[in-house]
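Each remark here refers to the structure printed beneath this line.
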Amino acid sequence: MPETTIPASTPTQTAPPRSAPWGRALTVFAWLSFLSETIIIGTGGAVRLTGSGLGCSDWPLCTPDSLVPILEVQGIHGIIEFGNRLMTGVVGIIALAVVLLVLHLFSGKRGLVTALWYAAGGIVAAVAAFGIAAPLHFPASPIALGVLLIAVIAAAVRSIRTTPSRRDLVLLAWLVLIGVVAQALVGGITVLTGLNPFIVGFHYTSSLLLVCITAAFLVRLKTDGGPRERAVPAWFAAVTHVTGLALAVTIVFGVLTTGSGPHSGDADVLRHGFDATVLAHVHSWPGYILATLVLFLTVAAWVLRLEPRRWLLVLVLAILVQVGVGVWQAREGLPPLLVGIHMVLASLSAAAYTVVVLHLKRRVPAEA
């Protein structure tokens, strides 16, 4: 995941004062955002691996007549699916808190109030869209959520353009909130399409990207803003980005492999027709290439004493455990618990790789 830095309109960019109450609060909520995005991958995996994908048969209600599951009707599957939906709300509240804290620290009262006005306008517009679409028998809930998503994107664009400093943190915070709203929409489409495996795979991949973005936010939160320069040799940076490509290919084939396996999320859901046995072997090839590249980068980083060396050790550990779990689950016939661990580890490996990439550059030293 390559780093993107948007320069601020003022020459002085600093990290938030973590000793101050608002700075400490932002740090706490940033960590909560990372943890919650990781946890929701686990709860989403539990929905799929326990066959609870249609435990709530409707969306946004659990059933056409009830917001919550009815134990006598849906049983434990309804509770598992509804629990994952509640987790989406928790993730959204935390993401919103991070946005508001970032705006309070770096955009001031005016930027914060403007964002709140956009939020109020988006909610009103979403309610109006629902009220218009429902009598016409259009999919009212997806339309309303789509309108809300547009409002959030508009608020993000304005905030990023008007914030005088640390636009990188503002961008990352808004991306998470936009992603959460979009994920709610995709989750609804997943249910309404009867757990289409491609949409399920996209839903998981998007969640993994949000874990990476929250990890990037934590890294940037600890550093000053401003111009950055490469802190490693050009060949090292190039190999690191090739490693990222290997990681992405490994994850994509992993998603396809899981989508072709026995864990469809519901017993009546059809898979997308690929041979899971063949895909499991194809999935392992870029995985072994990835492990080799990461080992090479780690050795080179420690020999040359490069900045990312400690995080490369974390990435090595994550990938080695991931490979071990992958081989184990394949030999044991894909037990649900191991598949779930494999899914969460993939997100943590991607997050560790994101942190490595962000350490390829350092702040340009200030002129004396």
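In our numbering, the protein residues as written are 992 to 1359. We put the CB at the ideal spot given by N, CA and C, even for glycine.
Reduced DSSP secondary structure (H/G/I, E/B, other) of residue i
{"i": "T1214", "result": "coil"}
{"i": "A1359", "result": "With a pLDDT of only 43 at A1359, under the threshold of 50, the placement of this residue in the model should not be trusted, and no figure is reported."}
{"i": "E1323", "result": "coil"}
{"i": "S1057", "result": "strand"}
{"i": "W1050", "result": "coil"}
{"i": "R1152", "result": "helix"}
{"i": "R1157", "result": "coil"}
{"i": "G1235", "result": "helix"}
{"i": "L1045", "result": "coil"}
{"i": "T995", "result": "With a pLDDT of only 41 at T995, under the threshold of 50, the placement of this residue in the model should not be trusted; the figure read from the coordinates follows. Coil at T995, not helix or strand."}
Whether residue i touches residue j by CB criterion (9 Å)
{"i": "T1248", "j": "V1273", "result": "yes"}
{"i": "L1136", "j": "A1147", "result": "no"}
{"i": "L1351", "j": "A1207", "result": "no"}
{"i": "I1376", "j": "T1079", "result": "Nothing can be reported for residue 1376: it is not among the residues displayed for the chain, which extend from 992 to 1359."}
{"i": "V1138", "j": "A1116", "result": "yes"}
{"i": "P1133", "j": "L1186", "result": "no"}
{"i": "L1328", "j": "L1040", "result": "yes"}
{"i": "I1070", "j": "P1055", "result": "no"}
{"i": "L1212", "j": "L1017", "result": "yes"}
{"i": "G1046", "j": "E1072", "result": "yes"}
{"i": "I1144", "j": "I1180", "result": "no"}
{"i": "A1164", "j": "V1090", "result": "yes"}
{"i": "G1044", "j": "M1334", "result": "no"}
{"i": "V1172", "j": "L1140", "result": "yes"}
{"i": "F1121", "j": "A1131", "result": "yes"}
{"i": "S1048", "j": "T1205", "result": "no"}
{"i": "L1288", "j": "V1230", "result": "yes"}
{"i": "T1343", "j": "V1305", "result": "Here residue 1343 turns out to be Ala, not Thr, going by the sequence shown. Cβ distance < 9 Å, so A1343 and V1305 count as in contact."}
{"i": "S1197", "j": "S1150", "result": "no"}
{"i": "R1157", "j": "G1216", "result": "yes"}
{"i": "P1218", "j": "R1354", "result": "yes"}
{"i": "V1182", "j": "W1050", "result": "yes"}
{"i": "V1307", "j": "P1277", "result": "no"}
{"i": "P1299", "j": "A1292", "result": "yes"}
{"i": "W1226", "j": "H1095", "result": "no"}
{"i": "T1105", "j": "T1153", "result": "yes"}
{"i": "V1210", "j": "V1082", "result": "no"}
{"i": "S1238", "j": "A1125", "result": "The sequence given here has Leu at residue 1238, not Ser. The answer is no: Cβ separation not under 9 Å."}
{"i": "H1068", "j": "G1042", "result": "yes"}
{"i": "A1037", "j": "N1075", "result": "yes"}
Range covered by the beta strand (DSSP E) that runs through residue i
{"i": "R1354", "result": "K1352 to R1354"}
{"i": "E1220", "result": "R1219 to R1221"}
N-terminal and C-terminal residue of the alpha helix (DSSP H) that residue i is part of
{"i": "P1012", "result": "P1012 to L1040"}
- Taking the runs of the beta strand (DSSP E) that are 3 residues or longer, which of them lie wholly in the region 1160-1208? Under the rule that a run must span 3 or more residues, no beta strand (DSSP E) segment is found entirely inside the region 1160-1208.
- Query: Enumerated in chain order, which unbroken segments of the alpha helix (DSSP H) with a length of 4 residues or greater are wholly contained in the region 1066-1138?
  - Reply: Whole alpha helix (DSSP H) segments, 4+ residues: 1099-1124.
- Which residue spans inside the region 1273-1353 form an unbroken beta strand (DSSP E) run of at least 3? Complete beta strand (DSSP E) runs here, min 3: none at all.
- Message: Using 8 Å as the cut-off, can you tell me whether the region 1238-1246 makes contact with the region 1184-1202, which would need three or more C-beta pairs spanning the two stretches below that distance?
- Response: Note that the region 1238-1246 touches the region 1184-1202; at least 3 beta-carbon pairs, one per stretch, sit closer than 8 Å.
- Message: Within 8 Å, do at least three Cβ pairs link the region 1307-1325 to the region 1278-1289?
- Response: Because the criterion of three Cβ pairs below 8 Å is met, the region 1278-1289 and the region 1307-1325 touch.
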